[in-house]
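Residue 60 in the working numbering sits at position 60 of the sequence shown; the count goes up by one each step and never skips. For every residue, glycine included, the Cβ atom is placed at its ideal position computed from N, Cα and C. These numbers come from a predicted model, not from an experiment. Have a look at the structure below, then the notes.
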Amino acid sequence: MLGFLQSAVLAKGGVSRNLCSARSSVFGEAACVYRPESSRVLSRNGVSRAQFSTKMMAEPIIDLKGKKALITGIANNRSIAYGIAKALHQAGAEIGVTYLPMNDKVEGKVRDLTLDLEPSLFVSCDVSKPEEIANLSEEIKSKWGTVDIFIHCLAFANREDLTGDFVNTSKDGFSLAMSISTYSLIEVTNALVPMMTDGGSIVTLSYLGAVKVVPNYNVMGVAKAGLEASVRYLAAELGPKQIRVNAVSAGSIRTLASSAIGGIQTMIKHVEANAPLRRATTTEEVGNTTAFLASDAAAGITGQVIYVDSGYEILGATIEK
Ligand SMILES: NC(=O)c1ccc[n+]([C@@H]2O[C@H](COP(=O)([O-])OP(=O)(O)OC[C@H]3O[C@@H](n4cnc5c(N)ncnc54)[C@H](O)[C@@H]3O)[C@@H](O)[C@H]2O)c1
1 MLGFLQSAVL
11 AKGGVSRNLC
21 SARSSVFGEA
31 ACVYRPESSR
41 VLSRNGVSRA
51 QFSTKMMAEP
61 IIDLKGKKAL
71 ITGIANNRSI
81 AYGIAKALHQ
91 AGAEIGVTYL
101 PMNDKVEGKV
111 RDLTLDLEPS
121 LFVSCDVSKP
131 EEIANLSEEI
141 KSKWGTVDIF
151 IHCLAFANRE
161 DLTGDFVNTS
171 KDGFSLAMSI
181 STYSLIEVTN
191 ALVPMMTDGG
201 SIVTLSYLGA
211 VKVVPNYNVM
221 GVAKAGLEAS
231 VRYLAAELGP
241 KQIRVNAVSA
251 GSIRTLASSA
261 IGGIQTMIKH
271 VEANAPLRRA
281 TTTEEVGNTT
291 AFLASDAAAG
301 ITGQVIYVDS
311 GYEILGATIE
321 K
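See the structure below:
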């Protein structure tokens with residue numbers, strides 16, 4: 001039965017085959033078992049691929065047991081970082097969380113939200129303050145000793161720089177966006193590398209606006225372009241230490257940060273109507289790909305930007321229906 005299902009998956013090719021082999025390489029052959037209802041998808045007369053991918057997403061396909069993962073950028077349950085933290089936890093990673101101490105309530109909110117993930121490290125860290133990055137590094141050193149995975153999932157720009165004309169971007173607004181959204185990857189990575197003694201995986205979050213003009217994304221597009229270039233420089237430099245550095249370029253998702261971008265809701269609707277997969281991106285999808293990149297299943301991948309955007313990035317033009 002298993003052999004039949006596997007060959008059926010292989011015959012279908014594409015994504016299914018890749019997921020199946022990623023799964024096999026991590027868990028061995030037996031992990032590539034499908035529940036009976038999943039096998040309907042493999043039948044010749046076809047059941048929706050969406051059903052298949054939902055099924056695949058619902059089951060852990062990556063093994064991160066024994067790995068310690070530091071996740072930045074959880075603000076609330078819509079945060080991409082929260083989706084990533086859940087995926088890493090589901091794959092067996094030990095979780096460490098940082099939060100931005102914006103006000104007295106944030107710590108309690110993030111603590112409550114992440115309770116189920118049982119974080120063994122919980123640290124306040126404003127990346128605009130070098131002393132807080134130094135404190136984070138000390139906390140990791142004393143509580144964990146080493147770290148295997150660093151998820152950089154944060155960004156900031158003034159609201160006025162995310163709407164209107166790019167040419168009006170102020171020098172201060174430019175520096176702020178670059179410093180928090182881009183330089184922080186370099187600075188925190190530098191603090192963590194001495195503790196990545198057994199190699200490691202660093203994943204940051206980017207967006208299409210890094211390489212194409214997206215209305216109102218403006219200064220953040222420049223920051224993300226710098227972020228993607230930083231990924232390549234860091235990957236080249238840290239590769240000999242077996243530390244991999246990649247970016248996930250996520251499709252538009254409604255979050256606190258994205259709500260500052262003028263017209264985001266319209267863009268999400270446009271993606272739903274036009275992206276090859278005809279739906280918007282979910283934090284679960286981003287979480288699962290990030291977990292893959294963090295895992296040994298992605299051991300040969302570094303310096304890359306992986307699009308998790310329902311395929312929107314491949315489109316050159318769309319026609320409104
Ligand atoms: N939402 C989207 O459509 C989308 C798409 C692609 C990429 N991204 C990227 O994903 C990442 C996470 O954003 P999100 O959409 O989940 O929004 P979010 O608002 O949930 O997360 C942004 C996080 O950045 C943190 N942050 C801001 N300034 C900080 C500082 N000085 N120090 C430490 N943390 C700070 C916030 O506390 C928050 O947790 C960002 O890099 C964003 O650019 C988002």
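Item checked: 8 Å CB neighbourhood of residue 319 in its chain, flanking five on each side removed -> none
Checklist line | Buried or exposed by the 16-neighbour rule on C-beta atoms within 10 Å, applied to residue 309 | finding: buried
Item checked: DSSP-derived helix/strand/coil call for residue 199 -> strand
Margin query: Any beta carbon from chain D within less than 8 Å of residue 123's own beta carbon?
Written below: Here there is only one protein chain, and chain D is not present.
Next item on the list: Report the partner residues of residue 68 according to the DSSP bridge assignment.
Entry: 94
Note to self: Going by DSSP in three states, residue 256 sits in which element: helix, strand or coil?
What the structure shows: coil
Check: Which whole-angstrom value is the C-beta distance of residue 245 and residue 300, which I expect to be below 8 Å?
Finding: So it is not a contact: roughly 14 Å between Cβ atoms.
Check: Expressed to the nearest angstrom, what Euclidean distance is found between the alpha-carbon atoms of residue 171 and residue 236?
Finding: 30 Å
Notebook entry, point to check: Can you name, in chain order, every residue of its own chain whose Cβ lies under 6 Å from the Cβ of residue 163, other than the five neighbours on each side?
Noted result: The answer, listed in chain order, is 216, 262.
Next item on the list: May I ask whether a heavy atom of ligand 1 can be found less than 7 Å away from the beta carbon of residue 255?
Entry: It does: the Cβ of residue 255 is within 7 Å (strictly closer) of some heavy atom of ligand 1.
Next item on the list: Following the continuous beta strand (DSSP E) through residue 122, name the residue where it begins and the one where it ends.
Entry: 121-124
Checklist line | Those residues which DSSP pairs with residue 308 across a bridge | finding: 250
Note to self: Below 7 Å, is the gap between the Cβ of residue 289 and the nearest heavy atom of ligand 1?
What the structure shows: no
Checklist line | Outcome for residue 166 when other beta-carbon atoms lying within 10 angstroms are tallied against a minimum of 16 | finding: Under this definition residue 166 is an exposed residue.
Next item on the list: Taking 8 Å as the cut-off, decide whether the C-beta atoms of residue 133 and residue 117 are in contact.
Entry: It is not a contact, given that the beta carbons lie outside the stated cut-off.
Notebook entry, point to check: In its own chain, which residues sit with a C-beta less than 7 Å from the C-beta of residue 110, not counting the 5 before and 5 after it?
Noted result: So the qualifying residues of the chain are 74, 97, 99.
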